[in-house]
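Accompanying notes for the structure given below.
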Amino acid sequence: MPKIIFIQPTQYESGGKGLCKQKKINLPGLVFPLLAAMTPKRWEIKVLIEVVDEINFDEPCDIVGIGTMGHAIFRGIEIADEFKKRGRTVVMGGYMASMVPQMLLERGIDSVLVGDAEKSWPALLDDFETTGKLKPIYDNPVDDLSGLPIPRYDLLTAKNIGPMLPVQAGRGCPHLCSFCSIACIYRGKYLTRPIDEVMRDIYRVKELGFKRFYLIDDNIVGQPGYLEELVSRIKPLGMKWSSQCSLNLARNERLLRLVAQSGCEILSFGIESITQEGLDKLNKKWVRVSEHEELLRRITAAGIMPSTEMMLGTDSDTVESIKATYDFVMRAKIPIPRFYILTPMPGSELYDEFKKSGRLLHEDYRRYDGTTCVHRPALIEPDVLTEMYWWINSKVFSMPSILKRTVLNPAIVQNAGSHLFALAVNLHYRRYIIKHVTPNIF
Numbered sequence: 044m045p046k047i048i049f050i051q052p053t054q055y056e057s058g059g060k061g062l063c064k065q066k067k068i069n070l071p072g073l074v075f076p077l078l079a080a081m082t083p084k085r086w087e088i089k090v091l092i093e094v095v096d097e098i099n100f101d102e103p104c105d106i107v108g109i110g111t112m113g114h115a116i117f118r119g120i121e122i123a124d125e126f127k128k129r130g131r132t133v134v135m136g137g138y139m140a141s142m143v144p145q146m147l148l149e150r151g152i153d154s155v156l157v158g159d160a161e162k163s164w165p166a167l168l169d170d171f172e173t174t175g176k177l178k179p180i181y182d183n184p185v186d187d188l189s190g191l192p193i194p195r196y197d198l199l200t201a202k203n204i205g206p207m208l209p210v211q212a213g214r215g216c217p218h219l220c221s222f223c224s225i226a227c228i229y230r231g232k233y234l235t236r237p238i239d240e241v242m243r244d245i246y247r248v249k250e251l252g253f254k255r256f257y258l259i260d261d262n263i264v265g266q267p268g269y270l271e272e273l274v275s276r277i278k279p280l281g282m283k284w285s286s287q288c289s290l291n292l293a294r295n296e297r298l299l300r301l302v303a304q305s306g307c308e309i310l311s312f313g314i315e316s317i318t319q320e321g322l323d324k325l326n327k328k329w330v331r332v333s334e335h336e337e338l339l340r341r342i343t344a345a346g347i348m349p350s351t352e353m354m355l356g357t358d359s360d361t362v363e364s365i366k367a368t369y370d371f372v373m374r375a376k377i378p379i380p381r382f383y384i385l386t387p388m389p390g391s392e393l394y395d396e397f398k399k400s401g402r403l404l405h406e407d408y409r410r411y412d413g414t415t416c417v418h419r420p421a422l423i424e425p426d427v428l429t430e431m432y433w434w435i436n437s438k439v440f441s442m443p444s445i446l447k448r449t450v451l452n453p454a455i456v457q458n459a460g461s462h463l464f465a466l467a468v469n470l471h472y473r474r475y476i477i478k479h480v481t482p483n484i485f
């Protein structure tokens, strides 16, 4: 019986001192359960999520499939090297692999799946079984997400996971922000799955005893009519759910109300910055920083807890604007904020722009981790920006700040469970910040 080992690498602590490890997977991914469901039953499948699992490099297998999420791609390359030493066939995929496929091939990876895998994965397996030879790159974009099988959730529930399972609704985004990996891969395309199939997966999650799920979607409000129909189907289930989208949702009062009534308890928003000029230069003019606080207020008033992602180092950022960003987070009482240094990832429009204009400090991609400035900002020195990144994280994830934004937040009256969850997430992030590691939920 042929065997596949799927591996999601973890990341290193600051300075490569050790691997980041946890006892529980809070937000398990969907890719491996979906690929497993698309794999012929004659294959044995094992999934390893390195943040909780140990890897036995000597375990017999035919194919090793390694995911690449952000900076963990470099740990993925190390894992691949070990399996290659033992003569294994190693393939890699995910959005980082999709952006730098040639770099991986130069490192000896047998094959890279670029972008969508619905067509590429079956083709790769067929090549392996019929000829024993793989193409260097499988790049087969999809324009129809219908007909996907129910994911192999059993591969996740066998592990120590949090209270939610993932369900995919849409993929891609209609916007073309120059720094964004999604824009690189989907080029403004946004696809949605048939609602009946999304609901089929949600029913399966409920059958497994879960009362919560999170909708994987790069911008769940990308098609408002689709979202309205979907939440009308979700509401009768009495389940809680989370996802991510743009703040445009708060501009549609009716849709926001319907989303909240359907059981949505947490939404993540990429608000990016409090300085407009910097966002305009990143092709994100449709976000108006002057509206941030009002739109977040509407989200909160609807009973949905906001989580945010923000970048430091746009061309209008200064020491003063970063200090003002901290004030904004505290004033808006954002329960779950996250920060990254603007990083021109290889393969992105921003990377090409900065390289052409000589603004890259270096091309040591191991240092492109979102915690260190790797370009020349317009109004702040690179080392000062890096210093201010750790300053704002230490301030935001101090205990007084955490308590004020979570359990002492007036919005806890509307959404107590979510704010207690936010407290746990903040404490989780705080542990990473103390180690000088980008805080993530695994």
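When you line the sequence shown up against our numbering, it's residues 44 to 485, in that order.
Here a beta-carbon is modelled for each residue, glycine too, at the ideal position from N, C-alpha and C.
Being a predicted model, the structure only gives us computed values, none of them experimental.
Which same chain residues, not among the five before or five after residue i, have their C-beta less than 7 Å away from its C-beta?
i	result
isoleucine 193	Ala80, Arg243, Asp244, Arg247
glycine 215	Ile225, Tyr229, Lys232, Tyr233, Leu234, Asp261
valine 274	Leu301, Val302, Ser305
isoleucine 122	Ile50, Pro52, Ile98, Ile109
arginine 276	Ile238, Met242
asparagine 458	Glu308, Gly346, Met348
Assign residue i to buried or exposed, taking buried as 16 or more other Cβ atoms, counted over all protein chains shown, within 10 Å of its Cβ.
i	result
glutamate 93	buried
phenylalanine 253	buried
lysine 327	buried
glutamine 287	buried
threonine 132	buried
aspartate 407	exposed
valine 456	exposed
threonine 569	As shown, the chain starts at 44 and ends at 485. That puts residue 569 outside it, with no answer to give.
alanine 454	buried
glutamine 145	exposed
Since residue i and residue j are thought to touch, with beta carbons under 8 Å apart, how far apart are those beta carbons, to the nearest angstrom?
i	j	result
leucine 177	aspartate 170	5 Å
threonine 259	glutamine 211	With the sequence shown as reference, residue 259 is identified as isoleucine, and threonine is not the correct amino acid for it. Rounded, the Cβ-Cβ distance is 4 Å, consistent with contact.
serine 189	arginine 236	7 Å
methionine 44	glutamate 97	Actually they are not in contact, since the Cβ atoms of methionine 44 and glutamate 97 sit about 23 Å apart, beyond 8 Å.
threonine 357	serine 316	5 Å
Measure the CB-CB distance between residue i and residue j and report whether it falls below 8 Å.
i	j	result
phenylalanine 222	proline 425	no
proline 52	isoleucine 109	yes
valine 372	isoleucine 423	no
arginine 341	alanine 303	no
serine 359	glutamate 392	no
isoleucine 106	isoleucine 47	yes
tryptophan 284	arginine 331	no
tryptophan 164	leucine 91	no
glycine 265	glycine 313	no
phenylalanine 100	phenylalanine 75	no
leucine 355	leucine 322	no
valine 439	tyrosine 383	no
arginine 381	proline 482	yes
isoleucine 365	methionine 431	yes
histidine 479	tryptophan 434	no
In chain order, what residues of the same chain have a beta carbon less than 6 Å from the beta carbon of residue i, not counting five sequence neighbours either side?
i	result
methionine 139	Thr111, Ile116
serine 141	Val157, Gly158, Ile228
Taking 8 Å as the CB-CB cut-off, is residue i touching chain C?
i	result
valine 94	As a matter of chain content, chain C is missing from the structure shown, which is built from one protein chain.
Excluding the 5 residues preceding and the 5 following residue i in the sequence, name in chain order all residues of the same chain whose CB lies nearer than 8 Å to its CB.
i	result
lysine 66	Val95, Asn203
leucine 251	Tyr196, Thr200, Leu208
Answer yes or no: the CB of residue i versus the heavy atoms of the ligand GDP, is any distance below 7 Å?
i	result
leucine 177	Absence of the ligand GDP from the depicted structure is noted, as is the absence of any ligand whatsoever, leaving it without description.
Go through the region 399-426 residue by residue and report every complete run of the beta strand (DSSP E) that reaches 3 residues or more, in order. Under the rule that a run must span 3 or more residues, no beta strand (DSSP E) segment is found entirely inside the region 399-426.
Contained beta strand (DSSP E) runs [length at least 3] in the region 287-363, N- to C-terminal order: Listed in chain order, they are 307-315, 348-355.
Please go through the region 152-181 and give each complete beta strand (DSSP E) segment of 3 or more residues, from N-terminal end onward. Scanning the region 152-181 from its first residue to its last, the whole beta strand (DSSP E) runs of 3-plus residues come out as 154-157.
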